[in-house]
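A.B. asks:
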Amino acid sequence: MERRRRVPNPLALAVLAWLLLEPMHPYELGRRLQQSGKDRHIKFTRSSLYMVVEQLTRAGFIVERETVRDGQRPERTVYEITDEGRHEFHDWLRALLAQPREEYPHFAVALSLLSLLPPDDVVEVLRKRLAALGVKIDESRAATDEALARGVEWYFLVEERYALALMEAESAFVTELIQSLTAPGYVKSWQEAMGSRA
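Using the UniProt record's numbering, the first residue of the sequence shown is number 1, and each one after it goes up by one.
Written as structure tokens, this is what we have:
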């Protein structure tokens, strides 16, 4: 069983990761998350980033190093990771990589209830989903190819490759599901099962 984290937000793991590289202030952390494309997989706002920094500080995983002022900009507090923070980062990352985790995507919920819609309706909306997936797959491939062309090493893009693999698998699944839903046997079975409730 996975142990309970003092700061369980995945954004905290990203903050610890960047602070492993060097001390920095939250504004710079946010900028680097966006520049590196990590914000595609870790959703955050400026306020949520500052909240996580505060939580990590209270937990003893990071500490204030100094306050700096760059020209006309307001003062900014630079944070650095502690030994306890390093340990937390490595332990948490190892656990996430080693143990499959039950996640509850919205699409799985919809799939569990799809028999409550007429087959034609389901097929229509799934075709829309398939088209949207195609766009996202193309965008992901283009972003990965562009990063590789700029000299970014493949291991810095591994989460994008994972996301692409999931989207491609989902696209294949949805394509097969549409075929199953349009088969005369399913339509007849659905009509018999739903009867007057349809």
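All C-beta atoms in this analysis are idealised placements derived from N, C-alpha and C, irrespective of residue type, glycine included.
I'd like to know whether the C-beta atoms of valine 174 and proline 119 end up nearer to each other than 7 Å.
C.D. replies: Taking the first residue of the sequence shown as position 1, residue 174 is located at position 174. Taking the first residue of the sequence shown as position 1, residue 119 is located at position 119. Taking 7 Å as the Cβ cut-off, valine 174 and proline 119 do not qualify as a contacting pair.
A.B. asks: Does DSSP put tyrosine 104 in a helix, in a strand, or in coil?
C.D. replies: Residue numbering aside, residue 104 sits at position 104 when the sequence shown is read from its first letter. The answer is coil: DSSP assigns tyrosine 104 none of H, G, I, E or B.
A.B. asks: Give me the Cβ distance between isoleucine 42 and proline 10, rounded to the nearest whole Å; I'm assuming they're in contact under 8 Å.
C.D. replies: The residue you call residue 42 lines up with position 42 of the sequence shown. The residue you call residue 10 lines up with position 10 of the sequence shown. 6 Å between Cβ atoms; contact.
A.B. asks: When the distance is taken between beta carbons, is methionine 167 closer than 7 Å to lysine 128?
C.D. replies: Position 128 of the sequence shown, counted from the first residue, corresponds to residue 128. Position 167 of the sequence shown, counted from the first residue, corresponds to residue 167. No, Cβ-Cβ distance for lysine 128 and methionine 167 is not below 7 Å.
A.B. asks: Looking only at C-alpha atoms, which of Gly195, Val122 and Pro74 sits nearest to residue 276?
C.D. replies: The chain is shown only over 1 to 198; residue 276 falls outside these bounds and no answer can be derived.
A.B. asks: Would a C-beta distance cut-off of 7 Å place alanine 12 and leucine 56 closer than the cut-off?
C.D. replies: Sequence index remark: in the sequence shown, residue 12 carries index 12 (1-based). Sequence index remark: in the sequence shown, residue 56 carries index 56 (1-based). In this structure, leucine 56 lies closer than 7 Å to alanine 12 by Cβ.
A.B. asks: CB-CB under 7 Å to residue 213, same chain, minus the five flanking residues each way: which ones, in chain order?
C.D. replies: Because the chain is modelled from 1 through 198, residue 213 falls outside the range shown and cannot be assessed.
A.B. asks: Can you confirm whether the region 19–28 touches the region 75–92 when touching is taken to mean that 3 or more C-beta pairs between the two stretches lie within less than 8 Å?
C.D. replies: At 8 Å Cβ cutoff, the stretches touch.
A.B. asks: Could you name the residues of the same chain whose beta carbon sits closer than 6 Å to that of phenylalanine 44, not counting the 5 residues immediately before and after it, in chain order?
C.D. replies: Within the sequence shown, the letter at position 44 stands for residue 44. Here the set comprises Leu11.
A.B. asks: Look at the alpha carbon of leucine 20 and the alpha carbon of arginine 3, and state the distance between them as a whole number of angstroms.
C.D. replies: Position 20 of the sequence shown, counted from the start, is the residue given in the question as residue 20. Position 3 of the sequence shown, counted from the start, is the residue given in the question as residue 3. Between leucine 20 and arginine 3, the C-alpha separation is close to 22 Å.
A.B. asks: Report the start-end ranges of each beta strand (DSSP E) in the region 96–169 that is 3 residues or longer and not cut off at the edges.
C.D. replies: Complete beta strand (DSSP E) runs here, min 3: none at all.
A.B. asks: Using the beta-carbon count (16 or more within 10 Å), is leucine 16 buried or exposed?
C.D. replies: By one-based count along the sequence shown, residue 16 stands at place 16. Looking at its Cβ environment, which holds 16 or more other Cβ atoms inside 10 Å, leucine 16 is buried.
A.B. asks: By the three-class DSSP mapping on this structure, what secondary structure does isoleucine 42 have?
C.D. replies: Counting from 1 along the sequence shown, the entry for residue 42 is found at position 42. Note: isoleucine 42 maps to coil in three-state DSSP.
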